[in-house]
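Chemist:
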Amino acid sequence: MAEERRITLINYGKIDPESISDYISAGGYKAAEKALSCKPFDIIEEMSKSSLRGRGGAGFSTGLKKKFTSEACTLCEQKYLVCNADEGEPGTFKDRIIMENDPHRLIEGMIIAAYAIGASKAYIYIRGEYYKSIKRLGKAIHDARQEGFLGSNIFGSSFSTDIEIRLGAGSYLCGEELTMLESLEGKRGYPRIKPPFPAGKGLHGFPTLINNVETLATVPVVIEKGADWYTGMGTEDSPGTKIFTISGDIKKPGFYELELGLTLRELIYDFAGGMKEGVDLKAVLIGGAAGTFVDETVLDTPMGFDTLKEKGAVLGSGAVMVLGHNKSIPGMTQSILEFFEHESCGKCVPCRVGMTQLVRLISSVNENGTGHKNILDEMLTEAEFMAKTSLCPLGQSPVLPLKSLKRYFAGHF
Ligand SMILES: Cc1cc2nc3c(=O)[nH]c(=O)nc-3n(C[C@H](O)[C@H](O)[C@H](O)COP(=O)(O)O)c2cc1C
Ligand code: SF4
Numbered sequence: 001m002a003e004e005r006r007i008t009l010i011n012y013g014k015i016d017p018e019s020i021s022d023y024i025s026a027g028g029y030k031a032a033e034k035a036l037s038c039k040p041f042d043i044i045e046e047m048s049k050s051s052l053r054g055r056g057g058a059g060f061s062t063g064l065k066k067k068f069t070s071e072a073c074t075l076c077e078q079k080y081l082v083c084n085a086d087e088g089e090p091g092t093f094k095d096r097i098i099m100e101n102d103p104h105r106l107i108e109g110m111i112i113a114a115y116a117i118g119a120s121k122a123y124i125y126i127r128g129e130y131y132k133s134i135k136r137l138g139k140a141i142h143d144a145r146q147e148g149f150l151g152s153n154i155f156g157s158s159f160s161t162d163i164e165i166r167l168g169a170g171s172y173l174c175g176e177e178l179t180m181l182e183s184l185e186g187k188r189g190y191p192r193i194k195p196p197f198p199a200g201k202g203l204h205g206f207p208t209l210i211n212n213v214e215t216l217a218t219v220p221v222v223i224e225k226g227a228d229w230y231t232g233m234g235t236e237d238s239p240g241t242k243i244f245t246i247s248g249d250i251k252k253p254g255f256y257e258l259e260l261g262l263t264l265r266e267l268i269y270d271f272a273g274g275m276k277e278g279v280d281l282k283a284v285l286i287g288g289a290a291g292t293f294v295d296e297t298v299l300d301t302p303m304g305f306d307t308l309k310e311k312g313a314v315l316g317s318g319a320v321m322v323l324g325h326n327k328s329i330p331g332m333t334q335s336i337l338e339f340f341e342h343e344s345c346g347k348c349v350p351c352r353v354g355m356t357q358l359v360r361l362i363s364s365v366n367e368n369g370t371g372h373k374n375i376l377d378e379m380l381t382e383a384e385f386m387a388k389t390s391l392c393p394l395g396q397s398p399v400l401p402l403k404s405l406k407r408y409f410a411g412h413f
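Note that my numbering has the sequence shown beginning at 1, numbered continuously upward.
Following this line, the structure appears as structure tokens:
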């Protein structure tokens, strides 16, 4: 049986999250000190070698993102780092676990990332309901400043940076990176059109690196132990560990940090205690609302960004919802589509009208107990049209779950 491997969560339950001296005693801030004694280019190289992929959902190379931001506009007087702590994807609570239990790890990762790209200012854009995380991060930033880890001339170097916390106000769309930048600039949470990409033209028009909490909190261990050590875990295309948050009809819901490459079967039966008494597995939703449904034929596929793609699935944020035989697939689909309809900002017609249309179609299935023969195809055609014509990735989201439903659960409609 595989074992849990806590790398990002190494301090979980072992230190007082409100004590900087506890964090330092556990080896904290050594990686930042080491990083600041190297050239920024070397940090980017090490991160690229580690092949760490973004943990916010899309799985983009962390090293490459840093490279693009660092190389963009070398004469710009300002660059920014933004930590995405909005954590709005249903079923996902891994970032909260990190921020509540080891806030200094995130701050240390941010110092290293800011140094690598030359950002003198960093923000944490955090979900406003995360009261405990906000309080603990606020104290951790204050204590780090007192110790000289934030502010001017960090570790006696010529590098200076600082972190500010900004609160989100409950919009799922503001977790999308470009919408987040609008919100950070004090504007309404409407998305921007890409390109330009934030690495070239981000916050206030300056090069900006945007990374998820889990991604940034993993940076210190990569710098401390090296890329070769890191790539010794997980799989070739998806090295390292991932924090999975598992919920639904299982005996032990919660969070588990595991090496990538483990199977859904191992996650559900070895770690999450298996299905609840008397309940058989019907479906697993991986990656939250913007994720994909799979059935038991995918239970033995090693979980990684590319391996799951081959099965028409996504790893996404690492949220895993297990649905028992008593759960209705069209019912679950309606919850997801209503969520998207509610979160659509309404700026563009294909998404605003398309979401309403999708909810109307799925409601007809649930109200009548059955749809017409081609109802799933009709929804999929609508979602594909939306994916092609919507302004931002939210309008492209319904196509993912619907495609997976067509592949694995067409008979349920
Ligand atoms: C509608 C929408 C909501 C998103 N919400 C979040 C979120 O809450 N947290 C997050 O880290 N990424 C979220 N993302 C992904 C971000 O746009 C971005 O890809 C991510 O912050 C990049 O960080 P990473 O490279 O470390 O994964 C969202 C994307 C979309 C389209
Ligand atoms: S796709 Fe949806 S969420 Fe995005 S801009 Fe258009 S209406 Fe707003």
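By construction, the Cβ of each residue, glycine as well, lies at the ideal position given by its N, Cα and C atoms.
1. Suppose contacts are defined by Cβ-Cβ distances below 9 Å. Is alanine 272 in contact with alanine 72 by that definition?
2. Mind checking who tyrosine 256 pairs with in its DSSP beta bridge?
3. So isoleucine 362 and glutamine 334 are supposed to be a Cβ contact under 8 Å. How far apart are they, rounded?
4. With a threshold of 8 Å, establish whether the CB of aspartate 306 neighbours any heavy atom of ligand 1.
5. Would you list the residues sitting across from valine 82 in a DSSP beta bridge?
6. In or out: phenylalanine 305 buried (at least 16 other Cβ within 10 Å) or exposed?
7. What whole-angstrom Cβ distance do proline 350 and threonine 389 have, given they're in contact under 8 Å?
8. Helix, strand or coil: how does DSSP classify glycine 151 here?
9. In its own chain, which residues sit with a C-beta less than 8 Å from the C-beta of leucine 64, not counting the 5 before and 5 after it?
10. Rounded to the nearest angstrom, what separates isoleucine 243 and serine 160 at their Cα positions?
11. Is DSSP giving valine 314 helix, strand or coil here?
12. Taking just the CA atoms, how far does cysteine 174 sit from lysine 251?
13. Is it right to say lysine 187 is buried, meaning 16 or more other beta carbons lie within 10 angstroms of its own, or is it exposed?
14. Does the region 317-330 come within contact of the region 269-288, defined as at least 3 CB pairs closer than 8 Å?
15. Per DSSP, which one or two residues make a beta bridge with phenylalanine 293?
16. Does the distance from the C-beta atom of leucine 52 to that of threonine 245 stay below 9 Å?
17. Less than 9 Å separating the beta-carbons of isoleucine 98 and valine 213?
18. Buried or exposed: where does lysine 403 fall if 16 or more other Cβ atoms within 10 Å of its Cβ makes it buried?
19. Start and end of the beta strand (DSSP E) containing glycine 324?
20. Can you tell me which of the three DSSP states threonine 69 falls into?
21. Should cysteine 73 be flagged as near chain D, meaning a C-beta pair shorter than 9 Å?
22. Excluding the five sequence neighbours on either side, which residues of its own chain have a C-beta within less than 7 Å of the C-beta of glycine 128, listed in chain order?
23. Return the bridge partner residues of aspartate 162 from the DSSP annotation.
24. How many Å lie between glutamate 277 and aspartate 249 at the Cα?
25. Can you give me the start and stop residues for the alpha helix (DSSP H) that threonine 356 sits inside?
26. Could you please go through the chain and list the residues whose beta-carbon is closer than 6 Å to any non-hydrogen atom of ligand 2?
27. Is any heavy atom of ligand 1 found at a distance shorter than 8 Å from the C-beta of glutamate 87?
28. Could you tell me the alpha carbon to alpha carbon distance between arginine 407 and cysteine 345, rounded to whole angstroms?
29. Answer with buried or exposed for histidine 412, where buried requires no fewer than 16 other C-beta atoms within 10 angstroms of its C-beta.
30. Quick one: Cα of tyrosine 256 to Cα of glutamate 4, how far?
31. For leucine 167, does the three-state DSSP call read helix, strand or coil?
32. Give me whichever residues DSSP pairs with glycine 234 in a beta bridge.
33. Compute the Euclidean distance between the alpha carbons of serine 19 and proline 103, then round it to the nearest angstrom.
34. Between which residues of its own chain and glutamate 338 is the CB-CB distance below 7 Å, once the five residues before and five after are set aside?
35. Have a look at the DSSP bridge pairing and note the partners of threonine 263.
36. Classify serine 51 as helix, strand or coil using the three-state DSSP reduction.
Modeler: If we stick to the structure as given:
1. Using a Cβ distance threshold of 9 Å, alanine 272 and alanine 72 do not count as a contacting pair.
2. Phe244
3. 5 Å
4. no
5. Tyr123 and Ile210
6. buried
7. With a Cβ gap of about 4 Å, proline 350 and threonine 389 count as contacting.
8. Secondary structure at glycine 151: strand, using DSSP grouped into helix, strand and coil.
9. Ser48
10. 31 Å
11. coil
12. 33 Å
13. exposed
14. yes
15. Leu285
16. no
17. Closer than 9 Å, so yes.
18. Buried.
19. 319-324
20. helix
21. No chain D is present in this structure, which holds just one protein chain.
22. Leu167, Gly168, Ala169 and Gly170
23. Lys121
24. 9 Å
25. 349-368
26. Leu173, Pro191, Ser344, Cys345, Gly346, Lys347, Cys348, Cys351, Arg352, Ser390, Leu391, Cys392, Leu394 and Gly395
27. Yes; taking the cut-off as 8 Å, the Cβ of glutamate 87 has a heavy atom of ligand 1 nearer than that.
28. 29 Å
29. buried
30. 7 Å
31. strand
32. Pro239
33. 10 Å
34. Val359
35. Pro302
36. coil
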